[in-house]
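With the numbering used here applied, the sequence shown corresponds to residues 1 to 202, in that order. First the structure, in the form of structure tokens, and then the observations on it.
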Amino acid sequence: MSAGEGPHVLVVLRWFTKQLETIKHARGFKFSVVNSIIKVTLNRGIVGSGYFNHHGGGGDYICLPNNPKYDKYKDGYQSNSYIYGTEYEVSGYNPFKNNLHDHDAPCAVCYVKSRATQLMIPARNDCPSGWTEEYHGYLMSANYSHKKSRNFICIDRDAEFVHGSHADKDGALLYLVEGQCGSLPCLPYVAGRELTCAVCTK
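So this is what it looks like as structure tokens:
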């Protein structure tokens with residue numbers, strides 16, 4: 001993707017944090033300008049998707065802005081497609097630094113100047129040589145027993161939550177992803193172990 005400011009502009013969706021500027025890079029520092037690579041937050045919002053136990057509706061997690069703008073509309077429900085906020089479901093095991101269970105998840109959409117490629121690597125918490133780690137954490141998706149399938153997304157290990165959202169209203173839900181032996185080779189995978197992930201740019 002090109003832009004007037006430089007040869008490449010990469011848009012990065014950062015799950016479960018409120019802004020790109022607080023990304024912790026490999027050296028452990030927090031900054032928004034690194035080696036002349038400028039990172040700008042385009043949108044802060046909340047993670048949305050379809051209801052966890054509905055058959056229809058959207059199946060992806062998307063970053064909804066905090067300030068929606070409407071065009072033509074008709075108030076009230078017309079039995080169309082619905083979108084809900086997204087809650088963390090980590091009551092059985094929470095590897096994150098914050099107590100996330102039943103809280104709503106925030107997100108940020110950002111661009112990174114002068115990088116052209118983004119890669120999410122499942123089952124690894126590091127990046128290939130020559131790539132920049134934007135963040136690493138844990139792979140999450142819908143529960144295996146729910147009616148709707150969802151995409152797998154990488155949740156920041158320093159995941160945050162929307163304050164005041166601990167209401168357990170369900171909506172879309174996020175669960176840690178565990179390896180299941182059989183068609184997945186064990187070893188090197190371990191049955192029931194939570195999988196990591198990393199988001200890398202170049």
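Note that the Cβ used here is the ideal one computed from N, Cα and C, for glycine as well. All of these numbers come straight from a predicted model, not from anything done at the bench.
Option in the options with minimal Cα separation from residue i
i    : options                   : result
P128 : D75, C197 and V47         : C197
T132 : N53, H54 and V199         : V199
Y88  : V47, P185 and Y189        : V47
G57  : N43, C181 and R150        : R150
N125 : P185, L195 and R44        : L195
R193 : G92, D170 and L64         : G92
S49  : L176, F152, P188 and Q180 : F152
S183 : G137, A191 and I155       : A191
G59  : Y189, Y111, Y135 and L174 : L174
S141 : E178, V109 and A108       : E178
N53  : Y73, A123, T86 and Y135   : T86
N66  : Y189, Y77, L42 and N80    : L42
G137 : I155, N143 and C186       : I155
Secondary structure of residue i, DSSP reduced to three states
i    : result
E160 : coil
R44  : strand
E89  : coil
C197 : strand
I62  : strand
D104 : strand
I23  : The pLDDT assigned to I23 is 37, lower than 50, so where the model puts this residue is not dependable, and the model offers no usable value.
A172 : strand
I153 : strand
T117 : coil
V190 : coil
H136 : strand
P95  : coil
Y111 : strand
Y144 : coil
P122 : strand
Residues of its chain near residue i, where Cβ-Cβ distance is below 8 Å and the 5 sequence neighbours each way are ignored
i    : result
H55  : K147 and K148
K202 : R115, A116, T117, L119, G130, W131 and T132
Own chain partners of residue i with C-beta closer than 7 Å, once the 5 adjacent residues on each side are dropped
i   : result
N94 : L100 and H101
L64 : G45, I46 and G48
K97 : D158
K74 : none
Contact belief for residue i with residue j at Cβ below 8 Å, rounded distance in angstroms
i    : j    : result
Y61  : A172 : 7 Å
F161 : D104 : 6 Å
Below-8 Å beta-carbon distance, residue i vs any chain B residue
i    : result
Y175 : Looking for chain B here will not work: only one protein chain is present.
Residues of its chain near residue i, where Cβ-Cβ distance is below 6 Å and the 5 sequence neighbours each way are ignored
i    : result
I121 : A198
V229 : What the structure shows of the chain is the stretch from 1 to 202, and residue 229 is not part of that stretch, so it cannot be assessed.
C181 : A191
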